[in-house]
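Undergrad: Letter by letter, the sequence shown follows residues 1 to 569 in my numbering.
Don't be surprised by glycine CBs; every beta carbon is placed ideally from N, CA and C.
Sharing a structure below in structure tokens format, with a few things to ask.
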Amino acid sequence: MQYYLLKDKNFSKTLINRLRMLIGLTQFVIPLILLLTFNMSNSYAQKEENDNTFSDNRNKPEREEWLRDLGMGLFLHWSFDSQLGIVISHSMVGASPDYLNRFINELPKSFDPYKYDGYRMAMQAKLAGAKYICITAKHHSGFCMWDTKTTSLNIMNTAYQKDLLKEYVDGARKAGLAVGIYYSPEDFKFLYDNGITINRGIHNLGKEKEAAYNDLVRKQTNELFTNYGKIDMLFIDGNHKEACKDEAWKLQPDVVITRGAVNSPEQTIPGITTDKLWESNLTMGTQWQYKPTNDDLKSGTRLIEILIETRAKGGNLLLNVGPKPDGTIADPEERRLTEISAWHFINQEAIHNVRPWIVSNEENIWFTASKDRKTVYAMVTGLPDWGKGQRKEFILSSIKATPNTKISVLGHAGKVIEYASGKDAKSYFTQKENGLQVSVVSAQRIYNNNKWPNPLTIKLENVEPALIPPTLATMKAETSNKVILKGNLLNKGDAKTLQGCFEYRPYAGFVENLYFKEWKRTNTVNLDKIGEFIQTVDNLEKGKSYEFRFVIIGPNIAFYGERQQFSIK
Numbered sequence: 001m002q003y004y005l006l007k008d009k010n011f012s013k014t015l016i017n018r019l020r021m022l023i024g025l026t027q028f029v030i031p032l033i034l035l036l037t038f039n040m041s042n043s044y045a046q047k048e049e050n051d052n053t054f055s056d057n058r059n060k061p062e063r064e065e066w067l068r069d070l071g072m073g074l075f076l077h078w079s080f081d082s083q084l085g086i087v088i089s090h091s092m093v094g095a096s097p098d099y100l101n102r103f104i105n106e107l108p109k110s111f112d113p114y115k116y117d118g119y120r121m122a123m124q125a126k127l128a129g130a131k132y133i134c135i136t137a138k139h140h141s142g143f144c145m146w147d148t149k150t151t152s153l154n155i156m157n158t159a160y161q162k163d164l165l166k167e168y169v170d171g172a173r174k175a176g177l178a179v180g181i182y183y184s185p186e187d188f189k190f191l192y193d194n195g196i197t198i199n200r201g202i203h204n205l206g207k208e209k210e211a212a213y214n215d216l217v218r219k220q221t222n223e224l225f226t227n228y229g230k231i232d233m234l235f236i237d238g239n240h241k242e243a244c245k246d247e248a249w250k251l252q253p254d255v256v257i258t259r260g261a262v263n264s265p266e267q268t269i270p271g272i273t274t275d276k277l278w279e280s281n282l283t284m285g286t287q288w289q290y291k292p293t294n295d296d297l298k299s300g301t302r303l304i305e306i307l308i309e310t311r312a313k314g315g316n317l318l319l320n321v322g323p324k325p326d327g328t329i330a331d332p333e334e335r336r337l338t339e340i341s342a343w344h345f346i347n348q349e350a351i352h353n354v355r356p357w358i359v360s361n362e363e364n365i366w367f368t369a370s371k372d373r374k375t376v377y378a379m380v381t382g383l384p385d386w387g388k389g390q391r392k393e394f395i396l397s398s399i400k401a402t403p404n405t406k407i408s409v410l411g412h413a414g415k416v417i418e419y420a421s422g423k424d425a426k427s428y429f430t431q432k433e434n435g436l437q438v439s440v441v442s443a444q445r446i447y448n449n450n451k452w453p454n455p456l457t458i459k460l461e462n463v464e465p466a467l468i469p470p471t472l473a474t475m476k477a478e479t480s481n482k483v484i485l486k487g488n489l490l491n492k493g494d495a496k497t498l499q500g501c502f503e504y505r506p507y508a509g510f511v512e513n514l515y516f517k518e519w520k521r522t523n524t525v526n527l528d529k530i531g532e533f534i535q536t537v538d539n540l541e542k543g544k545s546y547e548f549r550f551v552i553i554g555p556n557i558a559f560y561g562e563r564q565q566f567s568i569k
């Protein structure tokens with residue numbers, strides 16, 4: 001810096017003028033810097049399983065922002081083995097020769113999704129709030145849902161004998177949805193044909209076979225990106241993805257690659273907010289593909305809560321359903337989509353074209369905000385018995401009113417409650433010392449029995465942040481002799497007093513963890529300075545895995561760090 005000040009007088013003069021301007025704007029700039037620091041410090045990089053390559057990101061920034069605005073997509077995991085109601089592709093790993101022979105040479109012949117209607121399915125997705133849709137054009141088995149020249153294992157050699165991918169793309173475009181494709185560079189059929197034991201993540205195939213493998217990936221990607229018009233997003237799952245990424249970006253530079261280029265956590269939601277594109281992909285139940293029996297589906301309410309939490313933390317939700325082998329969505333999943341549709345129809349303003357607020361949540365109230373952060377949406381979860389006509393009050397500690405603040409409940413005008421003549425339906429707010437007190441009524445009749453179990457959204461216009469949040473990080477635990485939990489307080493924000501503790505719980509499992517919400521909290525301790533914070537926990541069960549997070553408790557609100565895991569041996 002000294003070199004430029006000495007050598008370039010114009011630069012020096014410009015810098016001095018800008019510093020004077022910044023000093024004059026200090027009261028505005030410093031809070032903004034601290035808020036941006038909060039967002040950057042709390043970035044969460046949970047890499048997807050078997051993937052460490054999303055550092056190579058050539059997505060156009062404006063296209064990533066476009067996808068962030070969409071907020072929600074519908075994922076379709078579907079292939080010819082849906083006829084058996086089993087896991088998609090993975091039954092091939094370790095399978096016997098006779099199983100593989102029948103799987104590859106016989107099972108495709110009976111696949112006939114004769115009821116498939118790409119437009120109808122896209123409209124189901126759109127009504128539920130999806131702005132884009134993504135289908136498994138090819139999963140790990142190597143089966144292609146399009147008319148490909150690269151392999152005989154494709155949709156044209158089934159009882160269906162039509163290019164299903166074309167019907168999918170045409171239907172999505174007709175419905176007004178952005179078009180997404182899932183593609184697996186990993187190809188079990190290629191391994192089978194080359195006498196290689198089928199397994200995930202195979203490397204070092206030898207120079208000749210490696211070249212042939214990459215050539216297959218490039219040719220298939222070329223077909224996908226030249227024969228079906230504009231592809232808006234691409235989800236790449238598996239090894240040998242570089243050839244796919246290169247070809248896709250070369251042919252269509254505007255495509256947004258999610259898995260393979262940005263953080264795409266699977267079957268989970270990150271623990272903290274990240275104000276840049278990330279996309280969580282998860283199932284309604286425990287399986288990606290159609291599972292007619294032995295499944296445990298999340299309720300419609302839980303799926304709505306997951307959507308809310310994902311958007312509050314800055315991410316997109318790619319919610320999966322597995323179509324039946326006949327080409328329709330099974331009734332249990334369709335019913336959940338319909339419940340989500342009802343909620344989305346009322347509350348869509350809080351989900352699309354929004355960004356994170358300065359905190360993701362205050363207990364069971366989750367926030368999104370307009371891009372200028374002047375409008376905040378407070379989504380109240382966890383109150384399934386809030387009956388029609390009942391008034392409730394809440395304190396929102398992170399929001400401060402201005403002279404122009406307005407308040408309303410999404411979906412309702414606040415004037416009339418059906419069959420309750422004269423009862424007050426208006427929304428009110430009062431600025432208190434400990435936060436903004438809001439008083440609202442659940443006034444809209446959604447179900448005939450007046451019991452609508454899903455979240456209500458409070459819209460607050462012309463508001464501003466009431467605080468500067470602290471920044472914190474959860475560190476890895478030590479488990480040698482005893483369990484030592486570690487956290488780091490990076491910045492105290494504007495709080496005068498803070499307390500610290502940890503929350504922990506048994507790790508429920510890769511798929512099951514989203515079903516559980518209860519945490520156990522350690523003793524709280526006053527925090528006088530920034531830096532490392534540690535506590536020990538005892539009496540944990542041996543042989544079990546746990547997850548934990550660092551928690552900072554302010555005067556009126558708690559702040560949570562990302563989740564970490566440890567195991568007790």
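If you compare alpha carbons, which of Phe566, Thr430, Lys291 and Lys245 is closest to Gln220?
TA: In the sequence shown, counting from the first residue as 1, residue 220 sits at position 220. Closest by alpha carbon: Lys245.
Undergrad: Please name the residue or residues paired with Trp366 in a DSSP beta bridge.
TA: Start at 1 with the first residue of the sequence shown, and residue 366 comes out as number 366. Paired residues: Asn361 and Met379.
Undergrad: Specify, as a first and last residue, the run of the alpha helix (DSSP H) that Met121 falls within.
TA: The count along the sequence shown starts at 1 and reaches residue 121 at position 121. DSSP places Met121 in the uninterrupted alpha helix (DSSP H) bounded by Gly118 to Leu127.
Undergrad: Return the chain-ordered ranges of every alpha helix (DSSP H) run that is complete within the stretch 233–266 and spans a minimum of 4 residues.
TA: Segments of the alpha helix (DSSP H) lying fully in the stretch 233–266: 241–251.
Undergrad: Rounding to the nearest angstrom, what Cα-Cα distance links Pro108 and Gly300 in this structure?
TA: As a working mapping, residue 108 is identified with position 108 in the sequence shown. As a working mapping, residue 300 is identified with position 300 in the sequence shown. So the alpha carbons of these two residues sit roughly 33 Å apart.
Undergrad: Nearest CA to the CA of Ser439: which residue from Glu333, Gln390 and Ile534?
TA: Here residue 439 corresponds to residue number 439 of the sequence shown, with the count starting at 1. Measuring from the Cα of Ser439, the nearest candidate turns out to be Gln390.
Undergrad: Note down the Cα distance separating Thr497 from Pro470, rounded to an integer number of angstroms.
TA: To locate residue 497, count along the sequence shown from 1; it is residue 497. To locate residue 470, count along the sequence shown from 1; it is residue 470. Using only the alpha carbons, I get a separation of about 11 Å.
Undergrad: Are Lys374 and Arg355 touching if we call contact CB-CB under 7 Å?
TA: Sequence index remark: in the sequence shown, residue 374 carries index 374 (1-based). Sequence index remark: in the sequence shown, residue 355 carries index 355 (1-based). No, Cβ-Cβ distance for Lys374 and Arg355 is not below 7 Å.
Undergrad: Assuming Ile272 contacts Glu64 under a Cβ cut-off of 8 Å, what Cβ separation, rounded to an integer in Å, is found between them?
TA: Numbered from 1 along the sequence shown, position 272 holds the residue referred to as residue 272. Numbered from 1 along the sequence shown, position 64 holds the residue referred to as residue 64. Rounded, the Cβ-Cβ distance is 19 Å, inconsistent with contact.
Undergrad: Taking all protein chains shown into account, decide if Tyr515 is buried (16 or more other Cβ within 10 angstroms of its Cβ) or exposed.
TA: As a position in the sequence shown, residue 515 is number 515, starting the count at 1. With a threshold of 16 other beta carbon atoms within 10 Å, Tyr515 falls short and is exposed.
Undergrad: Specify the secondary structure class of Ser152 as computed by DSSP and reduced to three states.
TA: By 1-based counting over the sequence shown, the position of residue 152 is 152. Coil at Ser152, not helix or strand.
Undergrad: Please determine if the stretch 308–321 and the stretch 149–156 are in contact, where contact requires at least 3 C-beta pairs separated by less than 8 Å.
TA: no
Undergrad: Give the C-beta separation of Ala137 and Leu74 to the nearest angstrom, bearing in mind that I take them to be a contact with Cβ-Cβ under 8 Å.
TA: Numbered from 1 along the sequence shown, position 137 holds the residue referred to as residue 137. Numbered from 1 along the sequence shown, position 74 holds the residue referred to as residue 74. Rounded, the Cβ-Cβ distance is 15 Å, inconsistent with contact.
Undergrad: Could you give the C-beta distance for Ile88 and Cys134, rounded to a whole number, given that I count them as a contact under 8 Å?
TA: In the sequence shown, residue 88 corresponds to position 88, counting from 1. In the sequence shown, residue 134 corresponds to position 134, counting from 1. Actually they do not touch by this definition, with Cβ atoms about 14 Å apart.
Undergrad: Does Glu503 come out as helix, strand or coil in the three-state DSSP assignment?
TA: For the purposes of this step, residue 503 is identified with residue 503 of the sequence shown, where counting begins at 1. Three-state DSSP puts Glu503 in a strand.
Undergrad: Give every residue of the same chain whose Cβ lies closer than 6 Å to the Cβ of Met21, excluding the five residues on either side of it in the sequence, and list them in chain order.
TA: In the sequence shown, counting from the first residue as 1, residue 21 sits at position 21. Only weak support exists for where Met21 lies, its pLDDT of 41 falling under 50; the coordinates are left without a value.
Undergrad: Report back the beta-carbon spacing between Ser397 and Ala466 to the nearest angstrom; my notes put them in contact at under 8 Å.
TA: On the sequence shown, residue 397 is found 397 positions in, with the first residue counted as 1. On the sequence shown, residue 466 is found 466 positions in, with the first residue counted as 1. That belief holds up - the Cβ atoms of Ser397 and Ala466 are roughly 6 Å apart, short of 8 Å.
Undergrad: Under a Cβ-count criterion, where at least 16 other Cβ atoms within 10 Å of its own Cβ denotes burial, should Glu573 be classed as buried or exposed?
TA: Since the first and last residues shown for the chain are 1 and 569, residue 573 lies out of range.
Undergrad: Assign Val354 to one of three DSSP states: helix, strand, or coil.
TA: Position 354 of the sequence shown, counted from the first residue, corresponds to residue 354. DSSP places Val354 in coil when its eight states are reduced to three.
Undergrad: What separation, rounded to the nearest whole angstrom, lies between the Cα atoms of His77 and Pro325?
TA: Here residue 77 is taken as the residue at index 77 of the sequence shown, counted from 1. Here residue 325 is taken as the residue at index 325 of the sequence shown, counted from 1. Distance between the alpha carbons of His77 and Pro325 is about 11 Å.
Undergrad: Would you mind sorting Tyr99 into buried or exposed? The rule is 16 or more other CB atoms within 10 Å of its CB.
TA: Position 99 of the sequence shown, counted from the first residue, corresponds to residue 99. Its Cβ having fewer than 16 others within 10 Å, Tyr99 is exposed.
Undergrad: If you drop the 5 nearest sequence neighbours on each side, which residues of the same chain put their C-beta closer than 7 Å to that of Arg68?
TA: Here residue 68 is taken as the residue at index 68 of the sequence shown, counted from 1. In the same chain as Arg68, and ignoring 5 residues on each side of it, the C-beta atoms closer than 7 Å to its own belong to Leu277 and Asn316, in chain order.
Undergrad: Buried or exposed: which applies to Ile568, given that a residue is buried once 16 or more other Cβ atoms fall within 10 Å of its Cβ?
TA: Counting from 1 along the sequence shown, the entry for residue 568 is found at position 568. By the neighbour-count rule (16 or more Cβ atoms within 10 Å), Ile568 is not buried but exposed.
Undergrad: Which runs of the beta strand (DSSP E) at least 3 residues long sit entirely within the stretch 176–221? Give them in chain order.
TA: 178–183
Undergrad: Quick one, are the C-beta atoms of Gln565 and Tyr507 less than 7 Å apart?
TA: For the purposes of this step, residue 565 is identified with residue 565 of the sequence shown, where counting begins at 1. For the purposes of this step, residue 507 is identified with residue 507 of the sequence shown, where counting begins at 1. Yes, the pair counts as a contact, with Cβ atoms nearer than the cut-off.
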